[in-house]
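Going letter by letter, the sequence shown gives residues 0 to 523 in numbering that gives the first Met the number 0. To keep things clear, I will list the structure first and then write my remarks on it.
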Amino acid sequence: MWKGGSNSRRLGRRLLRAYAGDGGRRCMSTVAVNTDDVGRSDHNYENARPFSEIPGPRGLPYVGTLFEYTRGPFSPETYHKALMQRYFKYGNIFKETISGETIVHLFDPDYIHHVYQHEGKIPHIPPLLETTQMYRKFRDMSPGLGNINGDEWYRLRSAVQQMMMRPKAVSVYLPSVNRVAADFLDRLKRIRDPSTGDVPNFMNEVMKWTFESSAMTCFEERQGSFDNDTDSFTQSMVDANNKIFFLSMKLRFGIPWFRWLPSPTWKKVVHNEDYFFRCHTYLVDKTVASIQKLVDKNQLQEGQYSFLTYLLGRPELSFRDVSIITLSLFNDGLKTTSPTTVGQLYCLATNPDKQDKLYEEIKKVAPNKDEPVTNEMLSRLPYLKGCIKEGFRFFPIGVEVSRIPQKDLVIGGYQIPAGTHVQLNNNMLLRLDQYFDDPESYIPERWARGKPTEKIHPYLLLPFGYGPRTCAGRRFAEQEMYVFLVKLLQNFRVTWPNEQPMKQKYEMLLRPDIPATFRFVPRN
């Protein structure tokens, strides 16, 4: 971190060079195979059954099974359900072609383990969101960690590793996480129905909380997300984020003319991406200007603006890289942390005995609800962590983790040539009785460290992925969810006042299929 003196002057020079010129050049790696690295990872490859014999639904040339999602029996929003039907019909390995792309799906944790074992130091993936990758290339932006492979990915990942993946580095932001959670509770008290305690469309409220938390981490400045008269800025970014993912889903389940011609839906994607990036750029520019002013006056204190100053101080990062890293924290947090947190709360609201048990643990460790949550407190909340793991099992954030093996593999007795798009669908197995005892029951105790109630395959529940491409924001997301749930349950008993259960729908990732109304009953 930086304070006054020579370090401050060095940062000032770095800021001026990076911000004014940004001469860094982007290397746009593709998902194609590095032919210099292709080899045989499985000695029996030649004796395995050919790729063409992998079972799966038959479709039309090029479009494949696309019309099954646009004209029935499925829909884009039920893609996850379609995958489960395919699994029950074809087994734990099958392939499917949609709009020219053939994907091999793996529904066996041992198969998934095999892929991870052979992914190497720099795993290759398809873009997390093709539309975002295309947009950033179109705007000559840094592609970001989720849209590149090879040495360029390794450069970016290495630069953020120390700041984002180490628990001690992330714990620096715990005070700001506490402040945002406290202000969210104040808003909750204002907006809940005075007679019932209900808060409708709670997902939208949680997205505002996620946005505010990300803003404090990146820019150390509040955005007024919880003020009724000043939340239009936050709400507009939340809306743009929702539209990007919804429109991207529409493009995925359509003939991909947008790859060559700007279709109306693609133009809407660009419009919303432009808006989100423009708002984010405003926040970055304002913060960089504040840092520069402090540097010029030799007044930048140690730990001040620590996230941005760390990134700006890395010589291997261009300003475009720094901008896209912070943009990803906003974008990914809104689409991952928010629905996950709502899913966690739903599990507790519909299992009051487990909520009571968690509350008793919280009350014992943190009896004063007005005190901030500390790292020491979090270290003594094992049941909370079991609840979150079980919540991930009920409400996974996505249907797959994707890989593009750089070596030929044999999986399930079939040849998987290097360069094949492979989806690891372990999230779809999390409620099957062949892998979990009583899978439809919410049982946080099954995750108790040292004395689990059952033996669980280690490659089943991997909510943040695995290996070198584990989610870079994992520590931030976990810390935010821990504090959110602790502070919420300290103040309220949460119930589910609806007859309709909450499930999930597919919009590139999984999210609640209803707006989700919760009832918040104040605790004495």
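No residue lacks a Cβ here, since even glycine has one placed at the ideal position from N, Cα and C.
C-beta contact flag for residue i and residue j at 7 Å
| i | j | result |
| --- | --- | --- |
| Leu420 | Ile102 | What sits at residue 420 in the sequence shown is His, not Leu. Contact flag set, yes. |
| Glu315 | Ala168 | no |
| Ala515 | Phe201 | yes |
| Lys334 | Leu508 | yes |
| Asn530 | Pro404 | Here the chain comprises residues numbered 0 to 523, so residue 530 is not present and cannot be evaluated. |
| Pro75 | Met248 | yes |
| Asp512 | Gln503 | yes |
| Gly143 | Lys94 | no |
| Ile124 | Tyr153 | no |
| Asn104 | Tyr505 | The question names Asn, yet the displayed sequence has His at residue 104. Not in contact: His104 and Tyr505 (Cβ atoms no closer than 7 Å). |
| Gly63 | Ile97 | yes |
Assigned secondary structure, residue i (DSSP; H/G/I helix, E/B strand, else coil)
| i | result |
| --- | --- |
| Gln298 | coil |
| Ile403 | coil |
| Arg85 | helix |
| Arg25 | Note that Arg25 scores a pLDDT of 31, beneath 50, so its modelled location is shaky; the value from the coordinates is reported in the next line. In the structure shown, Arg25 sits in coil (DSSP, three-state: anything other than H, G, I, E or B). |
| Val268 | helix |
| Asp355 | helix |
| Lys504 | strand |
| Arg48 | strand |
| Asp369 | coil |
| Asp436 | coil |
| Leu59 | strand |
| Val398 | coil |
| Met162 | helix |
| Glu530 | Nothing in the structure corresponds to residue 530, since the chain is present only between 0 and 523. |
| Phe275 | helix |
| Ile147 | coil |
| Ala214 | helix |
| Arg430 | coil |
Residues sharing a beta bridge with residue i, DSSP
| i | result |
| --- | --- |
| Arg492 | Val520 |
| Gln414 | Val409 |
| Val485 | None, per the DSSP bridge assignment. |
| Val198 | Phe517 |
Extent of the continuous beta strand (DSSP E) run through residue i
| i | result |
| --- | --- |
| Gln422 | 420 to 423 |
| Phe93 | 92 to 97 |
| Arg510 | 508 to 511 |
| Ile102 | 100 to 105 |
Extent of the continuous alpha helix (DSSP H) run through residue i
| i | result |
| --- | --- |
| Leu65 | 65 to 69 |
| Leu459 | Unbroken run through Leu459: none, as it is neither H nor E. |
| Pro125 | Where Pro125 is concerned, there is no enclosing alpha helix (DSSP H), given that its DSSP letter is neither H nor E. |
| Pro108 | 108 to 116 |
| Tyr172 | Looking at the DSSP string, Tyr172 is not in any alpha helix (DSSP H), and its letter there is neither H nor E. |
| Thr308 | 305 to 311 |
| Gln222 | No alpha helix (DSSP H) contains Gln222, which DSSP labels as neither H nor E. |
| Gly524 | The requested residue 524 does not occur in the structure, where the chain is confined to residues 0 to 523. |
| Phe252 | Run containing Phe252: none; DSSP gives neither H nor E here. |
| Leu347 | 318 to 348 |
| Leu377 | 374 to 377 |
Query raised in the report: Okay, do the stretch 235 to 253 and the stretch 126 to 144 touch, 3+ Cβ pairs below 8 Å being the bar?
Result: yes
Query raised in the report: Can at least three beta-carbon pairs, one atom from the stretch 484 to 493 and one from the stretch 220 to 227, be found at a separation below 8 Å?
Result: They do not touch, by the three-pair rule.
Query raised in the report: Is the stretch 209 to 216 touching the stretch 251 to 268 in the sense that three or more CB pairs, one from each, lie closer than 8 Å?
Result: The stretch 251 to 268 is not in contact with the stretch 209 to 216.
Query raised in the report: Three or more beta-carbon pairs under 8 Å between the stretch 436 to 453 and the stretch 382 to 391, yes or no?
Result: yes
**Report entry** At least three beta-carbon pairs within less than 8 Å, the stretch 353 to 368 to the stretch 398 to 414
**Finding:** no
**Report entry** the stretch 308 to 324 contacting the stretch 455 to 468, beta-carbon criterion three pairs below 8 Å
**Finding:** no
Query raised in the report: Can we say the stretch 366 to 376 touches the stretch 271 to 283, given the rule of at least three CB pairs closer than 8 Å?
Result: no
Query - Contact between the stretch 282 to 293 and the stretch 303 to 313 (3+ Cβ pairs under 8 Å) - result: Touching, yes, given that three or more Cβ pairs across the two stretches are closer than 8 Å.
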